[in-house]
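Q: Following this message is one structure expressed as C-alpha cells.
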Amino acid sequence: MHFISRSKVFLDEEKKKKCNFPELNEEDWLCKLMFLADITAWQNQTVLSIFEQWKGFASKLNIFFCDVTPNLYKYSTFQT
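Residues 1 to 80 in the UniProt record's numbering are what the sequence shown spells out, letter by letter.
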C-alpha cells in the first residue's frame with residue numbers, strides 16, 4: 001500500500017506544477033508507475049539490510065582474525 005501513497009503524492013505535486021503529461025491520465029501507465037515505485041522502495045530496503053548485515057559480519061570476522069592470528073584467543077573460546 002506504500003506505492004499508492006507515493007504515487008498520490010507524485011500526482012499531487014505534478015498537478016501543483018500544472019505540467020501537461022498525458023501519461024498521467026492513462027490508468028495502465030499509472031498502475032505501472034505505482035508498481036515500479038513499490039518495487040524500487042522494497043529493493044532499496046533489501047539492499048540496505050543486506051549491506052548492514054555484511055558490515056556486521058565483516059567486523060566480527062576482522063575481530064576473529066585479529067584474535068586468532070597472534071594466538072591471543074582473547075575473544076575466541078577455543079585454542080589449538
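Here a beta-carbon is modelled for each residue, glycine too, at the ideal position from N, C-alpha and C.
1. Hey, would you say D67 sits closer than 8 angstroms to K60, going by beta carbons?
2. Using DSSP with H/G/I as helix, E/B as strand and the rest coil, what is residue 84?
3. To the nearest whole angstrom, what separates the beta carbons of L24 and L30, a pair I think is in contact under 8 angstroms?
4. Once DSSP output is grouped into helix, strand and coil, what is the label at K60?
5. Between T46 and I39, what straight-line distance do the alpha-carbon atoms span, to the nearest angstrom?
6. Rounding to the nearest angstrom, what Cα-Cα distance links L72 and I50 in this structure?
A: To lay it out plainly:
1. Looking up residue 67 in the sequence shown gives position 67. Looking up residue 60 in the sequence shown gives position 60. No, these two residues do not count as a Cβ contact at 8 angstroms.
2. A question about residue 84 goes unanswered here, because the residues of the chain that appear run from 1 up to 80.
3. Taking the sequence shown and counting its residues from 1, the one referred to as residue 24 is at position 24. Taking the sequence shown and counting its residues from 1, the one referred to as residue 30 is at position 30. Going by Cβ atoms, the distance from L24 to L30 rounds to 7 angstroms, so yes, they are a contact pair.
4. The sequence position of residue 60 within the sequence shown is 60, counting from 1. K60: helix per DSSP, three-state reduction.
5. As a working mapping, residue 46 is identified with position 46 in the sequence shown. As a working mapping, residue 39 is identified with position 39 in the sequence shown. If you take the alpha carbons of T46 and I39, they lie about 10 angstroms apart.
6. Along the sequence shown, read from residue 1 onward, the residue named residue 72 stands at position 72. Along the sequence shown, read from residue 1 onward, the residue named residue 50 stands at position 50. Each residue's Cα considered, the two are about 31 angstroms apart.
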